[in-house]
Amino acid sequence: MLMIVLIGEPKFLLWSGAPAAAKDCIVRMVPVQVSVAPSHSPVTPVTAPYPGTLEQRGGTVNDVSCLNRTPVYGVVRPLSIAEVREALAFAREHDLVVSIAGTQHAMGGQASYPGALVLDMRGFDAVTVDESLRTATVQAGATWHKVLETVHPVGLSVSTMPGIDVLSVGGTVSVNAHGLDFRAGSLSSTIRSMRVMLADGTVHRISREQEPELFRSVVGGYGLFGVVLDVELDLVDSEMYRLRSRVIDYRDFPEVFESDVAADDSVRLTYTHLSTSPENLLEEAIVYTYERVDAPEPIPPLEQRDSDRFGRLVLNLARTGGFGQRLKWTAQRDLLPHVRNCTEASNEALREAEACMVARNQVMFESLDLLQNQLTQYTDVLHEYFLPQDRLVPFIDELRAQLGTHDAQLLNASIRSVQREDIALDYAQGDRFSLVLYLSQEVSDAGNADMADLTRNLIAASLERGGTFYLPYQQHYTREQVAQAYPELDNFFANKRRYDPTLRFQNSFFARYA
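At position 316 of the sequence shown (counting the first as 1) the number is 466 in this note's numbering, and the numbers step up by one without a gap.
Here it is as structure tokens:
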């Protein structure tokens with residue numbers, strides 16, 4: 151009630167309410183111009199009718215950032231392998247470029263291209279579990295939310311998945327996402343095999359042993375080599391964890407991680423949040439750890455969290471800076487520990503210690519509904535930087551300085567741990583700390599320019615400290631910066647032309663940086 155009095159009921163309802171439909175921001179950015187196209191001439195006019203059903207004919211597509219509106223030929227949502235093959239055949243016949251989309255959380259046009267036939271894979275979403283092999287075979291359009299709902303009842307869990315469960319599995323493969331299980335590595339390390347359809351309609355089963363060059367190009371390959379059909383994933387046991395949190399000085403984080411987190415085999419999941427309050431910006435850190443307990447604990451069913459008006463309001467007020475940022479950090483540090491969604495321990499000792507028990511799958515069963523809002527004047531963008539462990543603190547100091555000279559508001563900053571993987575575009579050249587930034591910007595020319603400048607400055611700061619940056623986000627980076635961060639870049643594009651000689655699969659990343 152106090153908040154309603156302070157800001158007024160109309161503003162309270164607007165700033166705390168969930169959108170009735172997907173938000174379509176007011177965008178002024180010009181779509182990426184076509185700079186690469188297949189060299190052969192179309193056999194028949196592109197105006198020829200599509201033989202199947204188009205979800206959308208013409209018009210535009212966008213991604214979750216609202217900043218990449220792109221005109222397309224149309225959108226088809228295949229429901230079978232035959233329909234994927236039919237779409238590719240139509241594209242070959244009419245010389246159409248093909249882009250592949252899932253939930254479209256990549257924020258730099260990686261799932262679109264001007265004039266493309268877009269394959270919306272969300273209808274291709276079956277999940278099957280083999281309990282004896284401890285694997286799940288997941289079609290590309292399935293979300294991690296659906297995967298968790300399928301594996302949880304049989305006592306199993308995924309080894310690695312992104313921090314939120316609304317992303318598609320195929321999209322996660324294309325960016326090689328990582329998650330909270332710092333011991334498991336990124337998604338690539340948990341893939342046994344997958345099936346991919348190339349531009350000519352042939353289906354290849356690939357793995358580290360079978361067509362390894364194609365495998366290491368498709369994983370983290372941004373949909374440029376073929377259509378991921380399904381993925382065979384390793385599963386692990388579902389477990390109950392004890393959640394602990396502690397507040398530390400950010401400068402102590404590398405030592406705390408090494409001595410108290412990585413060295414403790416009972417810790418299975420971890421992440422750390424940095425302060426967003428202006429008084430101690432990025433100086434305080436809350437370290438969250440999920441510890442396996444020896445006492446057997448029953449695993450409860452997954453619980454879907456209700457929409458949270460208060461949480462959404464606090465996050466939205468943080469977009470305005472100042473008071474809103476202070477309120478958000480105070481709530482996160484001081485209020486959240488008392489309102490966690492915990493399961494009471496059945497073990498008497500744990501119960502007496504008031505342990506907060508959480509199922510592994512429940513930790514990952516997180517859609518972050520509070521991120522959805524009705525504020526069309528703002529949009530949210532992600533950054534991610536990968537730093538050598540001894541260079542994290544100096545980078546955070548530079549980040550603090552950069553935020554002080556830009557208008558973008560930092561809504562969240564979290565730290566995770568990642569390792570090197572054997573893929574072409576590997577973002578970690580060794581043991582690295584990942585710093586994920588969730589930023590709010592105005593949807594305007596000025597907001598875009600401010601974010602572009604901030605992004606380029608932070609990328610330069612990361613590279614200067616031996617770090618890298620994540621490619622799925624806004625493409626404000628230069629080709630020189632990409633080549634420095636990803637030394638296999640030219641070989642990656644050469645392999646793209648080898649496996650897709652007609653350049654059928656394209657997106658803005660290929661157009662800008664190939």
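All C-beta atoms in this analysis are idealised placements derived from N, C-alpha and C, irrespective of residue type, glycine included.
Keep in mind it's a predicted model, so treat the numbers as computed, not measured.
Nearest-angstrom beta carbon gap, residue j and residue i [assumed within contact, 8 Å]
i, j, result
"R566", "F332", "6 Å"
"D380", "L306", "Actually they are not in contact, since the Cβ atoms of D380 and L306 sit about 18 Å apart, beyond 8 Å."
"Y438", "Y391", "Contact doesn't hold; Cβ gap of about 11 Å is too wide."
"A251", "V268", "6 Å"
"L393", "R490", "7 Å"
"M507", "E447", "6 Å"
"L575", "L608", "The pair is not a contact, with the Cβ atoms about 19 Å apart (cut-off 8 Å)."
"L330", "T420", "7 Å"
"L553", "R462", "That pair is no contact at about 23 Å."
"R469", "S590", "4 Å"
Beta-carbon spacing of residue i, residue j below 8 Å
i, j, result
"G320", "G291", "yes"
"E516", "S336", "no"
"T310", "T340", "yes"
"L560", "L518", "no"
"F642", "S409", "no"
"N667", "P169", "Nothing about residue 667 can be read from this structure; the chain reaches only from 151 to 664."
"T293", "S262", "no"
"A481", "V464", "yes"
"M347", "V377", "yes"
"R442", "D384", "no"
"Y259", "N218", "Residue identity differs from the one stated: residue 259 is Gly in this sequence, not Tyr. Closer than 8 Å, so yes."
"F545", "R476", "no"
"P487", "S612", "no"
"Q569", "A558", "no"
"T210", "V222", "yes"
"A266", "V279", "no"
"L298", "M601", "no"
"R235", "G351", "yes"
"K161", "F375", "no"
"L542", "P450", "no"
"S318", "I573", "no"
"A563", "L585", "yes"
"E205", "D270", "yes"
Start and end residues, beta strand (DSSP E) containing residue i
i, result
"T287", "285–289"
"F473", "Per DSSP, F473 belongs to no beta strand (DSSP E); it is in the alpha helix (DSSP H), 473–480."
"P538", "528–538"
"T420", "417–424"
"I231", "No beta strand (DSSP E) holds I231; the alpha helix (DSSP H) holding it covers 231–243."
"F583", "582–592"
"R566", "559–568"
Extent of the continuous alpha helix (DSSP H) run through residue i
i, result
"H295", "294–301"
"Y649", "639–649"
"S658", "658–663"
"E441", "Where E441 is concerned, there is no enclosing alpha helix (DSSP H), although the beta strand (DSSP E) it sits in stretches over 434–442."
"L553", "542–553"
"S634", "For the sequence presented, residue 634 should be read as Gln rather than Ser. Unbroken alpha helix (DSSP H) run through Q634: 629–635."
"D603", "595–614"
"R462", "459–468"
"F274", "Looking at the DSSP string, F274 is not in any alpha helix (DSSP H), and its letter there is neither H nor E."
"I449", "Element bounds for I449: n/a, residue is neither H nor E."
"L164", "159–166"
"L364", "362–368"
Buried versus exposed call for residue i [16 or more other C-beta atoms within 10 Å across all chains shown]
i, result
"A644", "exposed"
"H295", "buried"
"F460", "exposed"
"Q527", "exposed"
"H255", "buried"
"R510", "buried"
"A661", "buried"
"F407", "buried"
"P199", "exposed"
"P312", "buried"
"T194", "Its pLDDT being 44, under 50, T194 is placed unreliably by the model, and the measurement read from it follows with that caveat. Exposed: under 16 other Cβ atoms inside 10 Å."
"V177", "Any reading at V177 must be qualified, since the residue scores a pLDDT of 39, below 50, and its modelled position is unreliable; the value itself is stated next. Buried is the call here."
"E453", "exposed"
"Q289", "buried"
"S658", "buried"
"R648", "exposed"
"A596", "exposed"
Residue i beta carbon near the ligand FMN (any heavy atom closer than 7 Å)
i, result
"Y528", "Among the components modelled here there is no ligand, and therefore nothing to report on the ligand FMN."
Check whether the stretch 397–414 touches the stretch 344–362, counting contact only when three or more Cβ pairs, one atom from each stretch, lie closer than 8 Å. Segments in contact, no.
Okay, do the stretch 624–632 and the stretch 316–330 touch, 3+ Cβ pairs below 8 Å being the bar? Touching, no.
Can at least three beta-carbon pairs, one atom from the stretch 297–313 and one from the stretch 521–536, be found at a separation below 8 Å? With a cut-off of 8 Å, the stretch 521–536 and the stretch 297–313 do not count as touching, because too few Cβ pairs lie within range.
For the stretch 240–255 against the stretch 654–664, are there 3 or more C-beta pairs whose distance is under 8 Å? Because the criterion of three Cβ pairs below 8 Å is met, the stretch 240–255 and the stretch 654–664 touch.
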